[in-house]
Structures are given as C-alpha cells and as structure tokens.
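Only one structure is covered here, and it is reproduced in the block below.
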Amino acid sequence: MLAPGDLRPLVEVCDLVVSYGAVRAVDGVTISVAPGEVLGIVGPNGAGKSSLLAAVGGQLRPTSGQIRLDGVDVTKLPPHRRARRGVVRTFQDTSEFGRLTVFENLLVAGLGMHGASLYAATVGARAQARRTATAAERAAELLARFELEPMRDTYAMELSGGQRRLVEVMRGLMREPKLMLLDEPTVGVAPHLSEQLRREYRRIAASGVAVLMIEHVLEVVEEVSDRVVVMDNGSVIAEGTYDQVMQSQAVREAYLG
Amino acid sequence: MSFSSLDFYLATVVVIFGVDVLSAWGLNLQYGYAGIPNFSFIVFQAAGAYTAAILTLGPMTATSGQTYVAGTHVPFPVALLAAVAAGAALSAVIGVFAMKRMRADYQAAILLILALILNQFIVTDTSLFNGTSGLANVSRPLGSLVNPSTTGWQWAYAALVWAICAVVLFAVQRLSRSSWGRALRAQRDHDAAAAALGCNVVALKMQVFVIGGAIAGLSGGLLVFYLQAFNTASWGYEETLAIFVSILIGGVANNWGVILGTFLVQIVFVEVPNLLPQFGYIGLVDALEWVVIGLLWMAAIALRPQGVIPERRVRAERFGLPALRRALPAATAAAAPGQQGAHEERLGATGGASRR
Amino acid sequence: MSSVVVESIGFGIVDASIISIGAMGFSLQFGLTNVFNIAYGTVLTLGAFAAYLAEQWGVVGWYDVLIGAGVGVIATWLIGKGILATFARRNLGLFELITVSLAVELVVQYSVDAADGEQLFSYSFDQGRALRFLGMVFTVTEVEIIGVAVGAFVLLECLLRLTKTGKALRAVAEEPRLARACGIPTSRIVNVAWVLSGALAGVAGVVYIINSLTVSAFTGTDFLPLLLAAAILGRAGSVSGAVVASLAIGIATQLVAAVGGTGYSTIAGFGILVLVLLARPGGVTSGLALKTEVTL
Ligand SMILES: Nc1ncnc2c1ncn2[C@@H]1O[C@H](COP(=O)(O)OP(=O)(O)O)[C@@H](O)[C@H]1O
Ligand SMILES: [Mg+2]
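Protein chains in written order, with this note's numbering: chain A, 1 to 257; chain B, 258 to 613; chain C, 614 to 909.
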C-alpha cells in the first residue's frame, strides 16, 4: 500500500522565516504535506506554530523562504488568491462571522470570490442564483452531517465555543479544499464533540485533502496525524511518526526542561 | 407663526429630512454593513454640493461677488449626476489609501483628520469655492415648471427628493441583501476569515466606499439646489457624527431603522429646536445640540449598540430550505436563550456564548 | 540659511515645546492602554481655562502651571477611569472606544462653549524682552516655556529610568506582550500613566495659553492632531521619541507657515498625522485578527 507521505507533496514550505520586528517567530522551517496526509504540529506556546500557519495561509508575509502549492510558488499571493487555489483554514481564536447566521456563514464560504463580486451580485444575478442554490444545498447537507440543523438560523455569535469550531470546519468543507490548515481545532470543544471533529478530520484527509494541524492535546495528535513535526523557538526540532518524535531527546528537553 | 411661514418651514424640514436619510443610507452601507468608520462622510456630500453649484452658477464674472473655479451652465439633471460622480471620484481617491488594512481606530482617526484638512483647505484657498463665505445664488432648478419663489416649488422639490429617496432605498436594499452585501457583512465581522474564504476584502471595501460616496454626492447636490448656498460651515466634521448617531440609534445595517434614527436625531433634535423661541446668545442652542448628540451617542453605544431596530436576521428559508419545525425547541433557541441549554448539552459543546 | 528659515526654526522650537509636553503624556497613555483617546484634547482646554480662571482670581504667573496640572489629572481620571474604562469593560471594539472618546470630546467642548458664550478669552502674561540666539528670536517667556518642556522631559525620564514603578511602566509601554507574560501588575501602572498624562495635558494647556494669550472651548481640539502626530510618530510609549517627533513637527509646521501662511501650516500639521497613521497601521503585523488588547 502506498503511504500518503510517498505522494508528491501538495504544499512545500522551504526555509521559511517570519519575523515581528526583531522577534523571529519562525526561523528557517522546511516542511511538506502530501494529499491525504495529516501533519500534526506540536510545540510549546510561542514556538511559532500559528505564525507558520499564517504564512502558509497568506495572512502573514514571510521575511524570507518559499511556499509552494501544487508546485506553484504562492509566497507572494494574498490570502484570497490562495483560497481560490484550495487553501482553507481555521483560526486559533475562532473566526465566525458573528452577526451572520450559521447558514449565511456557510453561504459566504460556498460562494467565495463570487460572493464578493459586485458584478455577480447585480448584472450576473442569474448565474449567482444558481451558485447560491448549489451552495444552499451543500450547506443543508453539512448542517445535517454536523447535527447543526436546529442552529442554522442562529447568529454565529450566539453559538458555544465548540459549535463555532464546527462552523469554521464546515465553512472549509463548503469549498472543496485541497489544503486545510487547522490552528488548535479542539480547544474549547467538549470531549464528545471533539471526538466527532477528530473523525471528520480523518474523513477529510481520506478524501485526498492535505491537512496541516496545530494541536496541543497529544492524544488527538496521536490519533489523527500521519506525521508529526515538533517546533520550539521557531525551529523544527523533531519530525517523524508520533512514536518516533516522542522518543526524541530534543522533544523531551523542550517539554520538560 | 403665520400659516405661510409654517408651510415654508415644513417643506424645508421635509427636504432636509430626505437629504439626511439619503446620507444616512450611504454611511450605513459603509459603516453598518461594511464596518468602515467613515468620519469624513460629510466631505463627500460637500463635494457633490460644490460641484452642482459651480456647474450651474455660470462662469465667474466681476459682478458675481464670489470666486470659484470652472463655473458653467449645465442642465439640472446633468449637474446632479456630476454631483454623484464627484462624491464617487473623491471617495475613490481617498479610498486608495484609507481602505488599506489597518486598526479600526487609526482608520477612523485618518478619516476624521482628512475631513478637517479638506475643510481647512477650502477655507484657506478661497479661489476654489469662495472660502468661508461659500457659494451663494445657486438658482433653483425646474423653474420653468413651477414658480421657484413659491412654497409650491418647495413641495414639488420635496416630492422630487423623496422620489429619489425611494429609488435609492430600492437600490440600497437590493445591494445589501445580495450576496455582495453578505460578503460585506462577513468581512465586517472577521476580515481575515473572509479573505481566507476567497473574498477580496480591500476591493469590497473600496467598492462600498465609492458607492457610499456617490450617495453622499447625490445628497449634497440635492441639498445645494434647495438651500441655494453652501459654505465651509455646512460641512464641519460634527455633521458626520450626527449621521453616525442617527444610524446607531435607528439601527446599524438596517435601512428602515435608519429612517427612524434620522427622524429622531436630525429632525427632532436638530431641526425642531429652531422652532423654539430664541434663548441665550446666538449659537447657544447649537452648542447644546452637540452636547446632546454626544450624550445620545454614548447612551446608544452603552445601551443598544445594534440600534432600536437591529439588523434583520436572514433565515435559511429564503434559500429554499424547509422552515424549521416549530416543535423543535432549538428552533427558537436564539429567541429564547433559556431553552438553548438542553440542546447544547446534546451537542456536548462547551464555551460561553457571551463573546461579542 | 535665510533669516526667515532660521526664525521659523526658532518659532518651531517654541511650538515643539508645547506639543512635546502634551505628546509625552499622550504617548504614555496610548502606549499603555492602547485607547486612542481623542478626549485628551479637552483636557488641554480645561487646563488652559484653569489658568485663565486662576488669573481672574488673582493667581498669576507660573503658579498656574501647577493648577493646570491638578485640573488635568482630575479631568483625565474622570474621562479615563470614569467613562472610557466603563465602556471598555463592555468589551467594545477599538472603533467604539475611539467613538466614545470623540463623544466625550464633543460633550465637554460644547459644554464649555455653551457655558462661556462662545468667546475667545484673553490672558495676560508678561512676555519679557526679546533675546537673540543664533539668529533666532525668543522672548524670556518663550525660553521659560522651553525650560518647562525640558524640565518635564528630564523629570519623566528620571522617573521612568530610576524608580521601580517607572521601569515597570516603560516595560509595559514598550513591550506590552512581554510585560504581561512576565506578570507585571499592569492596572496600577496604567493608573500611574493616567495621572502622569493628565498632569502633562494640563500643563500643556497652561503653557499654550501663556504662549498664545488666548483660549476658547476649541483650543485643545485644534491642537490635538499635532500632539497625536508627535506621539505616534515617536512610537507610542516612548517619551524621548515623542520629544524628537515634536521638534520635527513644530519646525516643519512653522516653516510651512512662513511660506504659505497659517492656513496651510494647520493643513501640514494634520497631514503629518494622516501620513504617520498610514505609515504605522498598527496591529496589522499579527496578520490574523486585527485585535489589539485594551487595558484601562
Ligand atoms: N502580532 C505579533 N506581534 C509581535 N509578536 C508576535 C505577534 N504574534 C506572535 N508574536 C510572537 O511570535 C512568537 C510566536 O508566536 P505564535 O506563532 O503565536 O506561537 P504559537 O502559535 O506556537 O504559540 C511568540 O514569541 C509571540 O510572542
Ligand atoms: Mg498559536
């Protein structure tokens, strides 16, 4: 059987540096994720995990280094252009559109760039109506799959923390993603819901999506990830399967010392 | 007060109300839907007013008694369209740098200071629009249809203003309820997430900034043809604050609520005191009005930041989904928070729903 | 250099002294709280009015500076801890907070305006004889104003570098993330910043009236943009930065005034603030949410 890691990587990050003024939050990181693979990133607070993810998603412009998506250099692309190439993400502090209903949150995701187009909303209204109908159907499916149907007309700001995470993931699934970036996706989620989310992440990866996941809870990392990268002080200090990484001396020092 | 002067006054209030409602819709698109803190909104109204004035005043002559640029005679509809274009064009220029991604308070401060700068500039360079004295003797349009010196003309003009309001309301509602309006609200709530879902946030803001500016220009054009005069005191930065308060009181991102807010603030608080017998020194009433506006503003933010008539919830039924069954307690979860608990338990979610 | 330029530099240094007193205060306050407090301008106005009233009561000369400082502290405390902190506790965004401070400004400014009958009040202060220095002309009073600014700067720097509270304050102002991580108790330090900035705003108001000899309800508001520009150009939280930026802004606006008149010098001053804000869009560096923590 072909292991996911053997495929040509979907995203390649080469020697990436991200700095905030004098602080180098990410200091020369090289990683890659293949389609269908879940790469877990662990590391202490302030290790630079979120900054790495933001550079891949386009929220932060890296100081140096390169990010390739499907072999194409996207380092200089703004986030909305990367989104159009199949990158979706969740944020460490949930990013729901608070004064939109859950259903509208999904519609915005489903329409994407067409939703933001003034032309599509006015002159191209007919094509837009078709797209909206398709998106609404997909939204209805997702609402059923995530058991959120009763909340579909609820403002997202009225949801609980766990439900907001669900909405973020569902928004990603509205978009047929190629690469999914998850920043601490189980924080604030109750065990029962977290289990459902973990199953979903595996299911998403199984459908051929590359998943880059930052996670604190080691159980979740062990269960969901194919491979694990450990970061400390902006650098990768260990890489391999969960078991390999946990054996590593460097990791023990970073966590205990 | 005699009947004819009351008639005159009423017609004026109706026209001013229409102009203020137009402005409030323009600013509501920018602030209510898109979250742009446009503290220089009134500048775009001024751009429309000055443009409409100079385009109908005719070439400047030695006997004009006022200095201005580019005076010509164009028909009323053309002048009005030019006012719209002026508001839009100035917005486009300012938007290029003011719509960049930045802290909301910095953006507000930049736009506020721009309003001060542009006003000061017109005061200083009197060759443009006659400085502090401003432009006067703008002739009333459509004089061939109704005698411009009668209250009949005033009422006719009021009808025209409100007819235009109806058209603008239709357009604004269509836009704000469209997928584009939804994207605007999405980026208002979380711009990074909207961008991460494929929305070009800067372009969205730029578009709504220009559309709002066009509406401001239109309101300025309509205003100047009624008042026949316009000067730098007509567009102090405080005027924008009054429009903001109308929106905050009436309903953020609710175009009907904004009509109510404008009525309460611009008519009840600003216009009606003009009817009262004069007391104190000249200017005391104005000063007190601004004190009240400031207090109202703080009260609105403290008590009901979403306005008296809040944003309308867009239900999924509009998109062809079956209505939620009423029997399901969670269907009314948002309306009755007390019932939410049971359902949350089933979903096993944690975390507070108190975050704004 | 032509004599006009040299003279303008002289005027600019005097302006810069007044600006810097206020800018140091705003810089401390903004650096610590992150609240873009527009109502700071009215504190200046109130300080100036305090000096005016003190003179009416027979308290003349440099004593007024102390009175101004006291009034400034009280006014800032009421605005900051009384009003802004109450609103900040409601979890409002940055826009709502700047809005509240603007509303406070509106209320105070027009209350003063309504109470004083919309007048420009004159103040008398003997300006002393003219002194020449490197082609620049200063009155004795102007030299004293420069002295007040330098004194305030030195005192503040000593406080920030030598005392324990001061060191903590500087740490929080310059690296709020780090300081919070190190567990520096910020609320007490924020209180100190409010008091210091209030005193400085009051003093700035008094020095303003001593220099210009007039005051109105709008004095502080008109002066505020220059002060904000200096504080932000000099990097919020940095006292010495504020002083250097004040010098640049004071001299630049006076040079514009010499060439184009006072109208254009006002425009130039405001323009500098716009450029400074555009150049330091703040918070964007995080790239994620434009969230900035507010402490009050
Ligand atoms: N907006 C910012 N400005 C300055 N420093 C930041 C900012 N965001 C993060 N940092 C710093 O960068 C480092 C890495 O942060 P982050 O990427 O959030 O780490 P992690 O997600 O691993 O906890 C930390 O030292 C943090 O203090
Ligand atoms: Mg993180």
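All C-beta atoms in this analysis are idealised placements derived from N, C-alpha and C, irrespective of residue type, glycine included.
For residue i, the three-state DSSP class (helix, strand or coil)
i	result
M170 of chain A	helix
V187 of chain A	coil
V425 of chain B	helix
P586 of chain B	Low per-residue confidence applies at P586 of chain B: pLDDT is 49, beneath 50, and the placement is therefore not dependable, though the value from the model is reported in the following sentence. Correct three-state label for P586 of chain B: helix.
L10 of chain A	coil
G896 of chain C	Its pLDDT being 46, under 50, G896 of chain C is placed unreliably by the model, and the measurement read from it follows with that caveat. Note: G896 of chain C maps to coil in three-state DSSP.
G540 of chain B	coil
M749 of chain C	strand
A591 of chain B	Residue confidence for A591 of chain B is low, a pLDDT of 45 falling below 50, so the modelled location carries little weight and cannot support an answer.
M359 of chain B	coil
L267 of chain B	helix
L659 of chain C	helix
R89 of chain A	strand
F734 of chain C	strand
P838 of chain C	helix
V619 of chain C	helix
A254 of chain A	helix
M1 of chain A	Model confidence at M1 of chain A stands at a pLDDT of 43, short of 50, so the residue's coordinates are unreliable; what they give is reported in the following sentence. In the structure shown, M1 of chain A sits in coil (DSSP, three-state: anything other than H, G, I, E or B).
M231 of chain A	strand
L16 of chain A	strand
A606 of chain B	Summary for A606 of chain B: the model assigns pLDDT 33, below 50, so the residue's position carries little reliability; its value from the coordinates is reported in the next sentence. A606 of chain B: coil per DSSP, three-state reduction.
Enclosing beta strand (DSSP E) for residue i [first to last residue]
i	result
I651 of chain C	I651 of chain C -> no beta strand (DSSP E), and no H or E assigned at all.
I516 of chain B	Looking at the DSSP string, I516 of chain B is not in any beta strand (DSSP E); the run it does join, the alpha helix (DSSP H), is N512 to T519.
I468 of chain B	Unbroken run through I468 of chain B is the alpha helix (DSSP H), V458 to L484; no beta strand (DSSP E).
Nearest to residue i (by Cα), restricted to the options the options
i	options	result
R431 of chain B	A:L106, A:A120 and A:S235	A:A120
G43 of chain A	A:Q249, A:D243, A:I237 and A:T241	A:I237
R783 of chain C	C:G730, C:Y653 and C:G854	C:G854
I802 of chain C	C:N647, C:S621 and C:G779	C:G779
R569 of chain B	B:A416, B:V515, B:L581 and B:G577	B:V515
Q287 of chain B	B:A268, B:E528, B:V459 and B:R397	B:V459
A812 of chain C	C:V717, C:E718, C:A743 and C:G685	C:G685
H250 of chain B	A:V13, A:P177, A:L100 and A:G48	Absent from the model: residue 250 of chain B. The displayed extent of chain B is 258 to 613, so no value can be given.
Y242 of chain A	A:E222, A:Q249 and A:S235	A:E222
A135 of chain A	A:L111, A:P191 and A:T154	A:L111
T887 of chain C	B:A510, B:S297, B:L479 and B:W554	One detail in the question is off: residue 887 of chain C reads as Val in this sequence, not Thr. Of the listed residues, the one whose Cα sits closest to V887 of chain C is B:S297.
G660 of chain C	C:F649, C:Y676 and C:V648	C:Y676
A663 of chain C	C:I758, C:I822, C:G882 and C:L839	C:I822
L645 of chain C	C:R703, C:A727, C:L839 and C:L809	C:L809
CB contact check: residue i to chain D, cutoff 8 Å
i	result
T389 of chain B	This model lacks chain D altogether, as its protein chains are A, B and C.
Limits of the alpha helix (DSSP H) - the one that residue i falls within
i	result
G760 of chain C	V753 to L775
I31 of chain A	Looking at the DSSP string, I31 of chain A is not in any alpha helix (DSSP H); the run it does join, the beta strand (DSSP E), is V23 to V33.
E239 of chain A	Where E239 of chain A is concerned, there is no enclosing alpha helix (DSSP H), although the beta strand (DSSP E) it sits in stretches over S235 to G240.
L69 of chain A	Premise fails: L69 of chain A lies in the beta strand (DSSP E), S64 to L69, not in any alpha helix (DSSP H).
V686 of chain C	Y676 to W690
G811 of chain C	T799 to S825
L707 of chain C	L707 to D729
L39 of chain A	Note, L39 of chain A: premise wrong, no alpha helix (DSSP H); beta strand (DSSP E) at V38 to V42.
A210 of chain A	Taken as a continuous stretch (DSSP letters only), A210 of chain A belongs to no alpha helix (DSSP H), being part of the beta strand (DSSP E) at A210 to I214.
A116 of chain A	Taken as a continuous stretch (DSSP letters only), A116 of chain A belongs to no alpha helix (DSSP H), as it is neither H nor E.
beta-carbon residue i near ligand 3 non-hydrogen atom, thresh 7 Å
i	result
D183 of chain A	Judged by which ligands are present, ligand 3 is missing from the structure shown, whose ligands are ligand 1 and ligand 2.
> Looking at chain B, which residues of the stretch 646 to 670 of chain C have a Cβ within less than 7 Å of any of its Cβ atoms?
Replying inline: Considering only beta carbons, the part of the stretch 646 to 670 of chain C lying closer than 7 Å to chain B consists of F649, in chain order.
>> Tell me which residues of the stretch 216 to 230 of chain A have at least one Cβ-Cβ distance to chain B shorter than 8 Å, keeping chain order.
In response: The residues in question: there are none.
>> Please list, in chain order, the residues of the stretch 680 to 713 of chain C that have any C-beta partner in chain B closer than 9 Å.
In response: Residues of the stretch 680 to 713 of chain C whose Cβ lies closer than 9 Å to any Cβ of chain B, in chain order: I696, T699, F700, R703, N704, L705, G706, L707, F708, E709, L710, I711, T712 and V713.
>> If the cut-off is 9 Å on Cβ atoms, which residues from the stretch 423 to 437 of chain B count as contacting chain A, listed in chain order?
In response: Legend: CB atoms of the stretch 423 to 437 of chain B lying less than 9 Å from CB atoms of chain A belong to residues R431, L432, S435, S436 and W437.
> At a Cβ cut of 8 Å, what residues of the stretch 451 to 482 of chain B count as close to chain A, listed as they run along the chain?
Replying inline: Taking 8 Å as the cut-off between beta carbons, the residues of the stretch 451 to 482 of chain B near chain A are A451, A452, A453, L454, G455, C456, N457, V458, A460, L461 and Q464, in sequence order.
> Using Cβ-Cβ distances below 9 Å, what residues of the stretch 555 to 567 of chain B are close to chain C?
Replying inline: For chain C, the residues of the stretch 555 to 567 of chain B that bring a beta carbon within less than 9 Å of one of its beta carbons are M555, I558, A559 and P562, in chain order.
> Which residues, in order along the stretch 877 to 891 of chain C, keep a beta-carbon less than 9 Å from a beta-carbon of chain B?
Replying inline: Taking 9 Å as the cut-off between beta carbons, the residues of the stretch 877 to 891 of chain C near chain B are Y877, T879, I880, F883, G884, L886, V887, L890 and L891, in sequence order.
> Any residues in the stretch 343 to 358 of chain B with a beta carbon nearer than 7 Å to a beta carbon of chain C? Which ones, in chain order?
Replying inline: Listed in sequence order: F354, K357 and R358.
>> To be precise: take each residue of the stretch 92 to 120 of chain A, compare its Cβ to all Cβ atoms of chain B, and keep it if any distance is under 8 Å. Which residues remain?
In response: Listed in chain order, the positions of the stretch 92 to 120 of chain A with a beta carbon within less than 8 Å of a beta carbon of chain B are S95, E96, F97, G98, R99, L100, T101, F103, E104, N105, L107, V108, A109, L111, G112, M113, H114, G115, A116, S117, L118 and A120.
> Name the residues in the stretch 438 to 449 of chain B whose C-beta lies less than 7 Å from a C-beta of chain A; which are they?
Replying inline: Within the stretch 438 to 449 of chain B, the residues whose Cβ lies closer than 7 Å to some Cβ of chain A are R439, A440, R442, A443, D446, H447 and A449, listed in chain order.
> Just by C-beta distance, which residues in the stretch 370 to 386 of chain B are closer than 7 Å to chain C?
Replying inline: Answer in chain order: I370, L371, L373, I374, Q377, F378, V380 and T381.
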